[in-house]
Amino acid sequence: MNMRDEDLDSGMDSMMDAYYKLVGEAHVKNILEDLENEKDEIEQIQISKSMDDWFEKFIHKQKKEKQRKNWLKKIRTYSSRTAVFILVLIGAFTLVTMSVEAFRVRIFNYFMEKNESYTEFRVDEVVDGQSTPQLDIDQYYYPTYLPEDYTYDSYQVGGDIVMLSYSNSEDTIIFTQGSTGSAYHVDTEDAEMKEVPIGNTSGYLIDKNDGSTLFWNDNDRDFMINGNLEPNELIKIAESLEKNK
Amino acid sequence: MLAFLSVIENDVVRSHLEELYLLYHKELVHVANKILKDYHEAEDIVQTAFIKVADYLDENIDVKCNKTKGLIVIIVRNLSINQYNKRKRRATANIDDLADIICDDSAITPEINVLRLDQSEEVARLLDNINEGYADILALKYLYEYTDKEIAEILSMSEGSVRTKLTRARQACKDVLGGERYEYA
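Top line first, the protein sequences correspond to chains A and B.
First residue of the first sequence: 36, per this note's numbering; consecutive thereafter.
First residue of the second sequence: 248, per this note's numbering; consecutive thereafter.
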């Protein structure tokens with residue numbers, strides 16, 4: 036086959052491909068015309084309730100999946116852009132004391148190493164004669180107050196870190212909890228940071244244009260809430276925590 | 248449930264899937280039922296079609312445009328045909344029987360017929376008469392530009408079956424246009 040024959044074949048193939056597309060368009064037009072002609076018959080169709088129910092569940096599942104993907108995407112964004120990664124730096128270290136009463140002595144040191152673009156929060160726990168309590172999913176805190184339209188979405192467990200996700204149609208609130216000793220890197224670049232009261236304790240509020248983060252500790256747990264919310268809403272969520280039974 | 252959907256009809260965030268369901272579910276059940284003659288089975292097929300189409304819907308699609316409606320109708324048609332064939336092996340028109348269908352002057356070659364663009368709807372109908380899946384698969388491949396793998400997933404077929412069907416559909420199209428003399432070289 037000479038060059039001209041090859042060119043002709045190639046040209047013919049391209050022309051046929053274009054024609055197949057035209058046939059495809061014509062076919063779609065034909066089947067839609069057929070449907071239009073059967074409109075009266077179609078209107079008489081009674082769809083079963085079971086099908087509508089199925090679709091309602093299906094669409095709900097789809098939305099949940101979409102929210103989960105958005106949430107994971109957000110997590111990934113944070114981990115790359117703002118270095119929000121959670122790392123258990125130290126569990127605890129034991130102080131041998133001569134105390135008569137075997138009560139736990141906890142020393143919390145807020146280490147706030149101010150970096151150029153992030154601040155590391157870490158609460159180190161010192162427990163007398165006991166190991167750091169291990170957190171598992173059977174033992175967790177959850178907020179009893181949520182801003183309007185937010186509902187529980189999903190959770191993830193990594194080691195003794197539990198992350199609960201709550202979302203509405205647009206935004207997600209991520210509530211993270213871990214045993215004392217966890218380290219949280221929070222983006223504080225161009226952020227306003229201040230200490231705020233949370234019930235009987237206090238925490239740190241990092242307020243940024245694209246959302247706020249609240250970090251605090253309640254003696255045996257570290258908590259962090261992140262979301263595109265007003266600071267007072269974050270505090271209300273924090274104050275509403277309850278432990279699961 | 249329809250009441251539930253109607254309530255959110257004006258909600259701007261209503262998903263494309265919900266819109267698709269609201270707009271076309273009756274027509275889709277009708278399409279499936281025409282092939283299967285069984286409403287329950289037809290509803291099952293429509294459910295399967297929605298599960299499949301959910302992964303292939305572009306966020307920017309216009310749900311109300313004919314191209315989108317055509318896509319879901321094609322999917323329902325093919326899933327119904329597959330189901331029908333499973334239920335009862337149906338003899339489809341043999342490509343050798345084309346002579347009975349094609350009324351074109353046999354002296355006209357395909358390349359000449361291709362230029363008759365105004366006849367594309369008739370060609371599509373003839374192709375659909377030969378085998379209900381041929382025009383569908385050409386549309387999925389050349390109009391919707393899905394890959395063989397995507398078509399296989401959408402229509403619950405193997406990739407090999409998709410390629411075979413595409414080859415047969417293309418050949419049938421050429422035969423509709425001008426018979427075996429398409430191999431002009």
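Just so you know, even glycine gets a beta-carbon here, dropped at the ideal spot from N, CA and C.
R410 of chain B is outside the set of residues whose beta carbon lies under 7 Å from a beta carbon in chain A.
Every alpha helix (DSSP H) stretch that sits fully inside the stretch 388-426 of chain B and reaches 4 residues is listed by chain position as 395-402, 406-425. When secondary structure is reduced to three states using DSSP, Y303 of chain B falls in the coil class, being assigned neither helix nor strand. If you check the CB distance, P178 of chain A and L276 of chain A come in under 7 Å. Around the beta carbon of Q79 of chain A, fewer than 16 other beta carbons lie within 10 angstroms, which makes this residue exposed.
Minimum Cα-Cα distance from V409 of chain B among the listed residues B:I398, B:K299, B:Q418, B:I319 corresponds to B:I398. Here V192 of chain A is exposed. Its C-beta has fewer than 16 other C-beta atoms within 10 Å. What Q97 of chain A touches in chain B, judged by beta-carbon distance under 8 Å, is S262, L264, A301, going in chain order. A distance below 6 Å between beta-carbons, with the five flanking residues on each side excluded, links Y187 of chain A to the following residues of its chain, in chain order: Y201. Under the DSSP assignment, D242 of chain A falls in the beta strand (DSSP E) whose first and last residues are 236-243.
Closer than 7 Å to the CB of R415 of chain B there is not a single CB belonging to chain A.
Between I292 of chain B and L326 of chain B, the CB-CB gap stays under 7 Å. For I77 of chain A, no beta strand (DSSP E) encloses it; the enclosing alpha helix (DSSP H) starts and ends at 74-78.
Scanning chain A for C-beta atoms nearer than 9 Å to the C-beta of L385 of chain B yields Y55, K56, V58, G59, H62, reported in chain order. Around the beta carbon of A53 of chain A, fewer than 16 other beta carbons sit within 10 angstroms, so the residue counts as exposed. Close to Y389 of chain B, with beta-carbon spacing below 7 Å, are these residues of chain A in chain order: D52, Y55, K56, G59. Per the Cβ contact rule, the stretch 197-211 of chain A is in contact with the stretch 246-265 of chain A (3 or more Cβ pairs under 8 Å). Beta-bridge pairing by DSSP links L199 of chain A to A:Y190, A:F210. Chain A has a Cβ within less than 7 Å of the Cβ of V276 of chain B.
Secondary structure of E227 of chain A (DSSP, three-state): strand. With distances taken between CA atoms, K316 of chain B lies nearest to B:A296 out of B:L374, B:Q330, B:S367, B:A296. The continuous alpha helix (DSSP H) containing L385 of chain B extends over residues 379-385. Around the beta carbon of I298 of chain B, a 10 Å sphere encloses fewer than 16 other beta carbons of the protein chains shown; the residue is thus reported as exposed. Setting aside the 5 residues that flank it on each side, A371 of chain B is surrounded in the same chain by A382, each with a C-beta closer than 7 Å to its C-beta; the list follows chain order.
One alpha carbon belongs to T236 of chain A, the other to S83 of chain A, and they sit about 56 Å apart. Around the beta carbon of E230 of chain A, a 10 Å sphere encloses fewer than 16 other beta carbons of the protein chains shown; the residue is thus reported as exposed.
Where P266 of chain A is concerned, the enclosing alpha helix (DSSP H) starts and stops at 266-274. For the 7 Å CB-CB criterion, I401 of chain B and I319 of chain B do not form a contact. With its beta carbon at least 7 Å from every one in chain A, K311 of chain B lies outside the interface. Non-local C-beta neighbours of S49 of chain A in its own chain, meaning closer than 6 Å and more than five positions away in sequence, are absent. Taking 7 Å as the cut-off, the beta carbon of V310 of chain B is found closer than this to the beta carbon of H263 of chain B. Pairing E406 of chain B with D422 of chain B gives a Cβ-Cβ distance that is not under 7 Å.
Flagged as an interface residue toward chain A: A382 of chain B, by a C-beta distance shorter than 7 Å.
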